[in-house]
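Quick notes on the structure that follows.
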Amino acid sequence: MANLMNLNDDSMRLIFDQLDVDCPQSFKQLALVSKGAKRLADSFRWRSITLSDDGPLSATSEQLIMLLLDTNHDLSKHVRQITVSDFKGDKDWFKLEQVLCNLKYLQSFAWNANRHIPEDFISTLENWWPDANLFVNNLRRPEAERESIPLDWRLLGSPSLYSLTCLVFLYDTVGDLVVDSGATNYILRPRSELEAVRRVLVGKSRLRILKLEIASTESWNHLPDQVFAIRSVQYWQQDNLNLPLQAEDRLPPLREFNLPGKAQTKLGFYDFTPEHCKALEYSMDWSRLRCLDLGNRCPPHFFKRFCGRLPNLRSLYIGLRKAPYNGCIDGYDDPAIVIDFINSIDRLESLSIINESMDWNVLLPAISKQAKSLQSLTARAPVDLSRYHSPEWRNSDLEKLAGVWKGLEQLEIDMNDEVFEQVSAHSRIEAAVYPN
1 MANLMNLNDD
11 SMRLIFDQLD
21 VDCPQSFKQL
31 ALVSKGAKRL
41 ADSFRWRSIT
51 LSDDGPLSAT
61 SEQLIMLLLD
71 TNHDLSKHVR
81 QITVSDFKGD
91 KDWFKLEQVL
101 CNLKYLQSFA
111 WNANRHIPED
121 FISTLENWWP
131 DANLFVNNLR
141 RPEAERESIP
151 LDWRLLGSPS
161 LYSLTCLVFL
171 YDTVGDLVVD
181 SGATNYILRP
191 RSELEAVRRV
201 LVGKSRLRIL
211 KLEIASTESW
221 NHLPDQVFAI
231 RSVQYWQQDN
241 LNLPLQAEDR
251 LPPLREFNLP
261 GKAQTKLGFY
271 DFTPEHCKAL
281 EYSMDWSRLR
291 CLDLGNRCPP
301 HFFKRFCGRL
311 PNLRSLYIGL
321 RKAPYNGCID
331 GYDDPAIVID
341 FINSIDRLES
351 LSIINESMDW
361 NVLLPAISKQ
371 AKSLQSLTAR
381 APVDLSRYHS
391 PEWRNSDLEK
401 LAGVWKGLEQ
411 LEIDMNDEVF
421 EQVSAHSRIE
431 AAVYPN
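So, in structure tokens, the structure goes:
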């Protein structure tokens, strides 16, 4: 026990984090050993707490709030991170503000609730804890409630914002009424919240994690009888379905960046055009990026533009599409573009490739180059193609890969039963296998 008490904070945190995963009851047992052991156990057990006024956590949350408000209790000395998973009522906001004022060493605050945070509360957080990092997760925005749950611009505009996971809506609005060959129609105009998000992002010095998802919704359901809405001829050329970066825009140096790739909505696509890739390149210091997710269908414009420009990347998620697309470059399906991009990255720890276009043996040399550092590999076809013809791992390919595996801990691939039996007989890797 004496040796444990003398460890530095980081070492003890690793030990207790693993203890909490493997045997959470051990914290209670450790607290019974001595007063010193209790202080040590409590300091790690209560470093991070989650509060909610709804569901199974509500009773526990109420007790925690009472203890945090008790000036004679030492819980407020242990808490470093608070997550609000949901808060539907209005009566306890004052108590939450008092909790913020009572804490001694707050480092981060996460807001995951499906409502706007009161402005007084966010101001209290900024004033009392200006160095605490704010984490925002705002993915739960039901389509039917788009108008009643807009993006929380006060929260997104906070100087404390460190991590933003955000669902952004693309939607149609009704434009001009036109009459053509006796038919009366409204012209639909695409609109996007991405422009407003851009204004929030530019100049955010503390933001380090940005994860954007897009979805489409409709705001033109109440047209007059016998009048229809049609999309304009120029609809698919609209640039406002992308993050509309300007030449002078500068994003903060992100560590994690998720873009929705070629994810299709009812309105169209987020598309990595050459112009958009150029704007992305000049908008940020990419040398600090460690995690990049480009979605399931990313054309090669990005790969060509950023080849060799991501020296510290450790996690990569990309998708390789098969069919030609509007604005595709010559050789869009050339494997060399993808191979050069992956080869330009050193020491990847996690690699996910959603592949609908290339044989895996073509990509194998690039994947093998990461073998010494790679811990997790996902190499699959898109879900919508998994039941049809798609690239499939062969036993010979896996044997080549197995020859260079070093620290791989997780493997997720498509293979048939015969190959699975051959591989599993010689593999100690935790594998997720999806038969075709």
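UniProt numbering applies: residue 1 is where the sequence shown begins, and numbers increase by one.
Ideal placement from N, C-alpha and C gives every residue a C-beta, glycine not left out.
Per DSSP, cross-strand counterpart(s) of residue i
i	result
phenylalanine 306	Answer by DSSP bridge pairing: none, since phenylalanine 306 is not bridged.
glutamine 246	The partner list for glutamine 246 (beta bridge, DSSP) is empty, contrary to what the question assumes.
isoleucine 209	Ser163 and Glu256
alanine 215	Phe169
serine 315	Cys291 and Ser350
isoleucine 82	Ile49 and Phe109
Test: residue i CB closer than 9 Å to a CB of chain C
i	result
proline 253	This model lacks chain C altogether; it includes just one protein chain.
Coil, strand or helix - residue i by DSSP
i	result
phenylalanine 121	helix
tryptophan 46	coil
phenylalanine 87	coil
tyrosine 282	helix
arginine 387	Annotation note: pLDDT 49 at arginine 387 (below 50); position unreliable, coordinate value reported separately. It is coil, neither helix nor strand.
cysteine 277	helix
serine 344	coil
leucine 156	helix
glutamate 392	coil
glycine 55	helix
leucine 320	strand
leucine 170	strand
proline 335	helix
tryptophan 360	helix
tryptophan 128	helix
histidine 301	helix
Range of the contiguous beta strand (DSSP E) that encloses residue i
i	result
alanine 371	That residue, alanine 371, is in no beta strand (DSSP E); it is neither H nor E in DSSP.
asparagine 133	133–138
aspartate 293	291–293
tryptophan 111	108–111
glutamate 62	Glutamate 62 -> not in any beta strand (DSSP E); alpha helix (DSSP H) instead, spanning 58–69.
serine 352	350–355
Range covered by the alpha helix (DSSP H) that runs through residue i
i	result
glutamate 399	395–402
aspartate 271	Where aspartate 271 is concerned, there is no enclosing alpha helix (DSSP H), given that its DSSP letter is neither H nor E.
glutamate 195	194–201
asparagine 102	93–102
serine 76	75–78
Beta carbon of residue i nearer than 9 Å to that of residue j
i	j	result
tryptophan 111	leucine 96	no
leucine 51	phenylalanine 94	no
leucine 280	tyrosine 317	no
arginine 198	leucine 245	yes
leucine 100	leucine 161	no
valine 202	leucine 167	no
tryptophan 393	alanine 371	no
alanine 381	leucine 363	no
asparagine 138	aspartate 152	yes
glutamine 81	arginine 45	no
arginine 321	glutamate 356	yes
proline 260	isoleucine 214	yes
leucine 377	glutamate 399	no
threonine 83	phenylalanine 109	yes
glutamine 98	leucine 69	yes
leucine 125	serine 158	yes
Rounded distance between the beta-carbons of residue j and residue i, thought under 8 Å
i	j	result
phenylalanine 272	cysteine 298	6 Å
arginine 288	asparagine 312	6 Å
glutamine 375	serine 396	24 Å between Cβ atoms; not a contact.
leucine 103	valine 136	That pair is no contact at about 19 Å.
leucine 210	leucine 170	Going by Cβ atoms, the distance from leucine 210 to leucine 170 rounds to 18 Å, so no, they are not a contact pair.
leucine 348	serine 373	6 Å
isoleucine 339	alanine 366	5 Å
serine 344	glycine 319	The pair is not a contact, with the Cβ atoms about 18 Å apart (cut-off 8 Å).
aspartate 92	aspartate 54	Wrong, their Cβ atoms sit about 11 Å apart, outside the cutoff.
cysteine 277	arginine 255	With a Cβ gap of about 20 Å, cysteine 277 and arginine 255 do not count as contacting.
isoleucine 49	leucine 67	That pair is no contact at about 10 Å.
Heavy atom of the ligand FMN within 8 Å of residue i beta-carbon
i	result
aspartate 120	The ligand FMN is not part of the structure shown, which contains no ligands of any sort.
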